[in-house]
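> The numbering used here applies: residue 19 is where the sequence shown begins, and numbers increase by one. What follows is a structure written as structure tokens; I'll ask about it next.
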Amino acid sequence: MTDFIYTPATTRIDVRWRTLYNWVPPSEDPVYQKKWADFRALAARGIESLEQVKQVPQSKLLQWRQQ
Numbered sequence: 019m020t021d022f023i024y025t026p027a028t029t030r031i032d033v034r035w036r037t038l039y040n041w042v043p044p045s046e047d048p049v050y051q052k053k054w055a056d057f058r059a060l061a062a063r064g065i066e067s068l069e070q071v072k073q074v075p076q077s078k079l080l081q082w083r084q085q
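Structural data, given as structure tokens:
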């Protein structure tokens, strides 16, 4: 009948969530770590390393500015 566990206000919520819900913070999740490592590597290489840079015609830019 007790769905609520009382803990003092100073209790860290992440400790409680780990225990109750098997929560893993993004900083420790391998999926997020890989995602951000890939992003940092891509950013470090720069735009020149992209396979195909898409050229936008000048007329499209003008139409976009007018809207």
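Ideal Cβ placement from N, Cα and C applies to all residues, glycine included.
Could you check whether P43 and D56 sit closer than 8 angstroms to each other, using their CB atoms as the reference points?
Position 38 of the sequence shown, counted from the start, is the residue given in the question as residue 56. Position 25 of the sequence shown, counted from the start, is the residue given in the question as residue 43. Contact: no.
> Taking the alpha-carbon positions, what's the A62 to E69 distance?
To locate residue 62, count along the sequence shown from 1; it is residue 44. To locate residue 69, count along the sequence shown from 1; it is residue 51. Their backbone Cα atoms lie some 15 angstroms apart in a straight line.
> Out of curiosity, what's the CA-to-CA distance linking L38 and R30?
As a position in the sequence shown, residue 38 is number 20, starting the count at 1. As a position in the sequence shown, residue 30 is number 12, starting the count at 1. Spanning the two alpha carbons is a distance of roughly 13 angstroms.
> With a CB to CB cut of under 6 angstroms and the five nearest residues on each side skipped, what residues in its chain are close to W35?
Position 17 of the sequence shown, counting from 1, holds the residue named residue 35. Excluding positions up to five away in sequence, the list reads W41.
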